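A short worksheet on the structure shown next.
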Amino acid sequence: MNVEKIPATEGRFNLQNYDETYANFDWAEVEKQFTWYETGKVNMAYEAIDRHLLTDKKDKPALLYSDLTREETYTYAQLSELSNKFGNVLRKLGIQKGDRVFVFMPRTPELYVSVLGTIKVGAIVGPLFEAFMEAAVRDRLSDSEAVAIVTVPSLLSRIPVDELPALKHVILVGGADEQKEGVTSFEAAMAEASSELEIEWVDREDGMILHYTSGSTGKPKGVLHVHNVMIQHLQTGKWVLDFQDDDIYWCTADPGWVTGTAYGIFSPWLNGVTNVVRGGRFTPEDWYKTIEKYKVTVWYSAPTAFRMLMGAGDEVVKKFDLSSLRHVLSVGEPLNPEVVYWGLRVFNHRIHDNWWMTETGGQLISNFRSMPIKPGSMGKPIPGVHAAIIDNQGNELPANRMGNLAIRVGWPAMMRKIWNNPAKYEEYFHIPGWYVSGDSAYKDEEGYFWFQGRIDDVINTSGERVGPFEVESKLVEHPAVAEAGVIGKPDPLRGEIIKAFISLRSGYEPSEALMEDIRKFVKEGLAAHAAPREIEFRDKLPKTRSGKIMRRVLKAWELGLPTGDLSTMED
Ligand code: WTA
């Protein structure tokens, strides 16, 4: 492919010699930098926070937090102390190594303290989006048999405690007056807790974090990551994010999403940089003001956000001083070339796209500073990772041929299991020796990877993965809905939007009001981002003889494309 390249820029910590580093790199070199290399006994929270207390970073700001009502700074020493206290709070409640502790709350300092404290006692932390409604919360807590959840009063009603026999403790932030059995006040417990904690030293292969994510069939899957991810989080922080000691870094992702933990918590703190967290919802002005106010140097966001900012116009950008910025990155969905050119124009920076997944635990393919960018391409694999385009038999395809984007197994941050579901885990490895991503892509003759789409029906709306099955299941709970099929429909701002095809039960007639009611039903039962923006009523939905709704046919209808082979469709 002949595309214009945007020339490389100077990085500070960098892959100046990509080809040479790629050829010679060995992950053991990174492992050796950790004190635990010999013993294998480790704790991520110690490595990310406490270790810096032995250096001149002790009193360096680790977290710069702001939302509409709060503005706070926490040093590494303060985060260490607070997470120690929270570790003691959990211990006192009887939480032990391996127990699942969920965090379900807005992005506040307490959330970050809870994540770190949970990891310090060797428990497994499960972050949830604040937007989740009861059904989404129940599925995740019950699948993982969570024993405790940290939350806030406004979200309490979405936790169906009576249906969750394993759940013993609700730790409530900012709700000291809730006097109920099983409810602990975060503030009261923290006030009593000691700031000295015996960290739980665990094996590098012990569980650390459980992120639920959607597939095309079945309920969301719990992707388990172990402490070993730190090797990759440390190193990609250098290669991809180009971290240096004096960086002020802002990752805009919520910790409910893997980007908001791997690169919103672990990678920046392992690398000892200052991490900016902005809570609440914000306008384009707020985005730029955050960069100006904190003098953000490295900014990691997502295509939907960049498209939203682009839509707000160039004039807004000019009102702010963004001269502190030196490195801009994007992940989660395809980054349109148009957006890359816009970034170049208004920020005078290239936006560096990179690719990875919840399951891969860390970045795998990236545009590095030291490399020319081909707008529209995700870049090249990080050293130590072999990415390839393979056919369904596992043969690597030549350049420019589209196929399965796959990774040779064995990189540090790879997921270690799907909770309660070994069969699902195995599905990713059905071609021996490979992790099959479910994305289709091609690689050009210069080794750049180009995303083409999902092979399955998973929807990516504004960077969030939504499983059509989960939405369909909710839809059919609505009294008017007989059957539902859900697809992703291309959308210029959100990448894809959710569209539902619905057949109604007898006695119900299509109407605007019904559409609105159905939408609300999903919004309130599952999550706002899972509610179909478009609904189309049909008398009948295309189904296989075994009764499965054929989303492929729905998609073809939607796009006005041929429906392909219909031999399995019922009469
Ligand atoms: C998609 C995200 C195009 C892809 C960290 C992948 C991308 C899924 C890109 C994972 C990119 C991620 N270009 N598509 N740079 N990055 N994706 O698990 O389909 O929420 O499989 O994690 O997002 O989504 P997940």
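Using the UniProt record's numbering, the letters of the sequence shown map in sequence onto residues 1 to 571.
Using N, Cα and C, we set each Cβ at its ideal position, and we do this for glycine too.
Quick caveat: nothing in here was measured; it's all calculated off a predicted structure.
In the structure shown, the three-state DSSP call for T259 is helix.
Contact annotation, P372 with I6: C-beta distance approximately 6 Å; criterion of less than 8 Å satisfied. A Cβ-Cβ distance of about 4 Å is found for the pair R533 and I497, placing them in contact under the 8 Å criterion. Distance from the CA of D99 to the CA of S114, rounded to the nearest whole angstrom, comes to 14 Å. In this structure P127 is not in contact with H227, their Cβ atoms being roughly 16 Å apart against a cut-off of 8 Å. Residue state for F469 is assigned as helix, using DSSP reduced to three classes. Cβ-Cβ distances below 7 Å link M415 to V223, L224, H225, E359 and G361 in the same chain, with the five nearest sequence neighbours on each side left out; the list follows chain order. Contact annotation: the stretch 154–167 does not touch the stretch 79–86, with fewer than three C-beta pairs closer than 8 Å. Measuring C-alpha to C-alpha distances from P255 to each of A388, D517 and T108 identifies T108 as the nearest. Taking non-hydrogen atoms of ligand 1 into account, the C-beta of F451 is found less than 8 Å away from one of them. DSSP places G126 inside the beta strand (DSSP E), whose first and last residues are I124 to L128.
Closest option to P375, judged by alpha-carbon separation, among A188, W342, V346 and R454: W342. Looking at L64, Y425 and P337, the one whose alpha-carbon comes closest to that of Y249 is L64. Residue state for L364 is assigned as coil, using DSSP reduced to three classes. Counting only unbroken stretches of 4 or more residues, the alpha helix (DSSP H) elements lying wholly within the stretch 499–556 are 512–525, in sequence order.
Bounds of the beta strand (DSSP E) holding F449 are F449 to R454. When the five nearest sequence neighbours on each side are left out, the beta carbons in the same chain lying within less than 8 Å of the beta carbon of F429 are those of V409, Y435 and V436, in order along the chain. The alpha-carbon separation between L475 and K32 amounts to approximately 51 Å.
Between the beta-carbon of M44 and that of M230 there is about 5 Å, and that keeps the pair under the 8 Å contact cut. A contact is defined here as three or more CB-CB pairs under 8 Å, and the stretch 280–293 meets this definition with respect to the stretch 304–323.
Secondary structure note for R100: its beta strand (DSSP E) is the uninterrupted segment R100 to F104. Listed in chain order, the non-local C-beta contacts of L68 below 7 Å within the same chain comprise G280, local neighbours out to five positions each way being set aside.
Put simply, of K417, F368 and K443 the residue whose alpha carbon is nearest the alpha carbon of L397 is K443.
As summarised for the stretch 277–312, the continuous beta strand (DSSP E) elements at least 3 residues long and confined to that stretch are 298–301, given in chain order. In this structure, ligand 1 has no non-hydrogen atom nearer than 8 Å to the beta-carbon of P375. Within the stretch 195–235, the runs of beta strand (DSSP E) that reach at least 3 residues and sit entirely inside it are, in chain order, 207–213 and 221–226. The C-beta separation of V273 from Q363 comes to about 16 Å, leaving the pair out of contact by the 8 Å criterion. Between A388 and F129 a beta carbon distance of about 33 Å is seen, past the 8 Å cut, so the two are scored as non-contacting. Only residues of its own chain outside the window of five on either side were considered, and among them Y76, A77 and S80 have a CB closer than 7 Å to the CB of L53, listed in chain order. Look at I390 here: in three-state DSSP terms it is strand. In this structure, the straight-line span from the alpha carbon of G463 to that of H386 is close to 25 Å. Within its own chain, the residues whose Cβ lies closer than 7 Å to the Cβ of L541, once the five positions on either side in sequence are excluded, are E483, G485, F501, S503 and I549, listed in chain order. Exclusion of the five residues before and after V42 leaves W36, R204 and H227 as the residues of its chain whose Cβ lies within less than 6 Å of its Cβ. Sequence-distant Cβ neighbours of A48 in its own chain, meaning closer than 8 Å and more than five residues away, are L116, M230, I265, F266, W269 and L270. Per the C-alpha coordinates, the member of P153, D565, H529 and V150 positioned closest to A131 is H529.
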